[in-house]
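Worksheet for the structure shown next.
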Amino acid sequence: MAPKLKVMIGSDRDHMSIANVNGAPTEIDSPLWVGRVTVRVRDFVGWTPDGRQPISQHPYFDNRSRKFAIIIEGRFRQSDDSKPYSGDEIHFGSDFDRLISFPRAPFNAGMKVAQWIDPATFYEESPPSGRPFIMSPYLACMNTFSAWPAPARAQDAVVCLRHTQREPSTEPDTHQDDFVAAEQHDLTAKQHWALKKPYWRFVGFKNDPKVAAFLHEHHASLSTFRHADPVHTGEHDELHACLGSGKPGDSGTSTPLRHQSSVGSHLSSMSSKSSASQTESPTAKGAIPAPAKQTSWGMAGLKGALRGVSSPRPPLTPRDSDVWQGEVDTADHLRNSLTALAEESLPPPSEPSKLDAELGPFRFADPELDMIEDNSFIFINKAVTVARRRKFFNEGHGKNRLNFTYDPDVVYGASFYTPACDLNTMDLHLGPVKLNIASFFKEMPIRYTLRSTRRKPYTASDGVTRQEEECFATISFQLVDDAQS
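UniProt numbering puts the first residue of the sequence shown at 1, with every later residue one more than the last.
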């Protein structure tokens with residue numbers, strides 16, 4: 001019988017379990033990190049945790065060239081005797097059980113391609129741990145990066161409403177907002193994937209001096225809600241913070257966030273009485289945006305009354321420039337003030353997890369949704385493209401990585417994907433490199449690891465204790481037959 005792909009996930013290489021590929025995430029709860037890891041593989045026909053039929057096809061791959069993807073969301077824990085991790089300390093990449101006799105010319109060519117994409121990529125063939133690796137700072141190497149507040153800190157989290165651009169519609173406004181930037185599978189769209197909903201972008205915590213300075217500079221105030229009877233009327237008083245832009249298209253992301261513009265110098269506050277009606281940016285000069293029917297749902301009990309029971313939004317005066325308008329509030333305020341209505345209007349939440357209290361519910365159980373880039377929590381007053389994020393964290397020999405701190409109360413979401421390797425066959429096509437690498441990984445797997453540069457004693461399965469880098473999560477891929485299992 002031909003070998004089949006076996007994917008395993010765990011907190012380290014000696015504590016792993018078979019992954020539910022194209023299905024539910026693997027949850028990790030260790031002293032160092034708490035999070036979820038999801039793996040998606042195109043045309044997957046490999047091993048499953050319970051021996052049932054594998055999930056071969058997934059909408060994630062529709063109209064895309066990607067062969068596999070790793071989606072990670074989690075919090076870096078801080079012990080009482082340690083300081084938070086800096087952006088220079090957390091790495092993601094491949095580590096190997098031993099040095100393999102990989103052909104040098106293809107390796108060098110592949111590294112040139114990798115470093116062209118991410119200049120921070122580096123490798124070491126003979127590290128002190130004896131385990132060769134190819135790594136890059138987590139902030140720089142991931143294809144998408146985003147963040148949202150841990151549930152326990154929602155009351156301190158400052159969020160700005162990120163409006164998206166939509167085609168006119170006569171559908172009632174039924175969408176629910178979330179904290180997580182996601183794009184949605186849409187067969188009617190030219191590229192099949194399109195951002196269809198606004199979301200609350202996480203800027204930071206209100207006790208952060210940079211966030212406080214941002215609010216002070218723009219004279220923004222956090223909203224105060226005085227509900228009459230939100231369950232029946234949906235009415236509330238709130239402060240809107242309207243964020244304008246000077247240069248259209250100055251920022252954005254490599255995915256459907258590209259239409260957004262950075263927060264500019266103009267921000268005004270106004271008090272308004274509303275029936276959960278909001279405004280949005282026009283898609284073009286003279287166009288009037290209208291809400292699209294929302295088929296996906298975010299965090300249960302979050303912001304139902306803001307949008308869920310209102311009539312369609314009023315027409316918006318057309319503008320000549322691409323303007324992002326939003327509101328500023330705390331995440332917990334939005335959730336707590338609207339829980340009653342949301343519990344009535346939202347569909348039942350997905351199956352609860354023991355990690356929901358640490359991370360919030362898993363957003364990507366819906367196969368039609370995918371994580372995308374939103375780095376507002378890094379730049380505060382704007383979001384930039386993936387390329388600019390990578391450039392920022394490579395400038396000045398990594399000075400910006402040193403100045404970045406991973407907050408233990410923030411959930412960091414990231415995804416890594418590539419069209420370069422078909423894991424079902426181990427065919428690699430990276431730039432000029434075209435070869436099958438299965439023969440090099442018969443005795444050990446291909447492994448991707450999220451780890452830190454801090455070292456501590458690690459006792460391996462062979463009983464030998466060595467000083468190794470702290471490991472948060474590791475994912476392995478290997479072609480395995482029945483005899484090997």
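C-beta atoms are modelled at their ideal positions from N, C-alpha and C, and glycine is treated no differently.
Simplified DSSP state of tyrosine 85, which is helix, strand or coil: Secondary structure of tyrosine 85 (DSSP, three-state): coil.
Cβ-based neighbour list, methionine 426, same chain, cut-off 6 Å, excluding 5 preceding and 5 following: So the list reads Asn436, Ile437 and Ala438, once near-sequence residues are dropped.
For aspartate 366, the nearest candidate out of Val37, Asn400 and Pro59 (CA to CA): Aspartate 366 has its Cα closest to that of Pro59, out of Val37, Asn400 and Pro59.
Straight-line Cα distance separating alanine 213 from glutamate 468: Answer to the nearest angstrom: the Cα atoms are 40 Å apart.
The stretch 372-385 in contact with the stretch 28-40 per 3-pair CB rule at 8 Å: Not touching, per the Cβ criterion.
Distance between serine 146 and phenylalanine 379 (C-alpha atoms, nearest Å): As the crow flies, the alpha-carbon of phenylalanine 379 is around 12 Å from that of serine 146.
Pair within 8 Å by beta-carbon distance, arginine 40 and valine 21: Yes, the Cβ-Cβ distance between arginine 40 and valine 21 is below 8 Å.
Alanine 152 versus valine 464: straight-line alpha-carbon distance, rounded: Each residue's alpha carbon lies about 39 Å from the other.
Supposed contact pair alanine 182 and methionine 371 - C-beta distance, whole angstroms, cut 8 Å: Beta-carbon to beta-carbon, methionine 371 and alanine 182 are separated by about 6 Å, close enough to satisfy the 8 Å threshold.
Inter-stretch contact at 8 Å, needing at least 3 Cβ pairs: the stretch 128-144 / the stretch 412-432: Inter-segment contact for the stretch 128-144 and the stretch 412-432 is present: three or more beta-carbon pairs are separated by less than 8 Å.
Residues bridged to glutamate 124 (per DSSP): Answer is Phe133.
Inter-residue spacing [alpha-carbon to alpha-carbon] between valine 113 and arginine 455: Rounded to whole angstroms, the separation of the alpha carbons of arginine 455 and valine 113 is 29 Å.
Beta carbon of phenylalanine 364 nearer than 8 Å to that of isoleucine 55: Going by beta carbons, phenylalanine 364 and isoleucine 55 fall outside the 8 Å limit.
Neighbour-count burial assignment, histidine 218, 16 or more Cβ in a 10 Å radius: When all chains shown are included, histidine 218 counts as buried.
Residues bridged to glycine 93 (per DSSP): Looking at the DSSP output, glycine 93 sits in a beta bridge with Met135 and Thr449.
Cutoff 7 Å; reference residue 486; Cβ partners in own chain excluding five residues on either side: Because the chain is modelled from 1 through 485, residue 486 falls outside the range shown and cannot be assessed.
Distance between asparagine 207 and glycine 431 (C-alpha atoms, nearest Å): Distance between the alpha carbons of glycine 431 and asparagine 207 is about 46 Å.
Cβ-based burial, serine 65 [other Cβ within 10 Å; buried from 16]: Residue environment analysis places serine 65 among the exposed positions, since fewer than 16 neighbouring C-beta atoms fall within 10 angstroms of its C-beta.
Continuous beta strand (DSSP E) assignments of at least 3 residues falling wholly in the stretch 31-119: Taking only runs of at least 3 residues, the beta strand (DSSP E) segments lying wholly in the stretch 31-119 are 33-41, 68-76 and 90-95.
Cutoff 7 Å; reference glutamate 27; Cβ partners in own chain excluding five residues on either side: Closer than 7 Å at the Cβ level, and outside the excluded window around glutamate 27, lie Arg36, Ser353 and Leu355.
Neighbourhood of serine 476 by C-beta, 6 Å cutoff - its chain only, sequence neighbours within 5 removed: Sequence-distant partners of serine 476 (beyond 5 residues in either direction) whose C-beta falls short of 6 Å from its own C-beta, in its chain, are Met8, Pro445 and Arg447.
Straight-line Cα distance separating aspartate 81 from phenylalanine 68: Phenylalanine 68 and aspartate 81: Cα-Cα distance of roughly 38 Å.
Counted within 10 angstroms of its Cβ, other Cβ atoms place glutamine 478 as buried (16 or more) or exposed: Residue environment: glutamine 478 is assigned as buried (16 or more neighbouring CB atoms within 10 Å of its CB, all protein chains considered).
Whether proline 3 touches aspartate 481 by CB criterion (8 Å): Proline 3 is a Cβ neighbour of aspartate 481, given a cutoff of 8 Å.
Phenylalanine 440 beta carbon less than 8 Å from that of phenylalanine 133: No, they are not a contact pair.
Sub-8 Å separation of aspartate 95 and threonine 459 beta-carbons: Aspartate 95 places its beta carbon 8 Å or farther from that of threonine 459.
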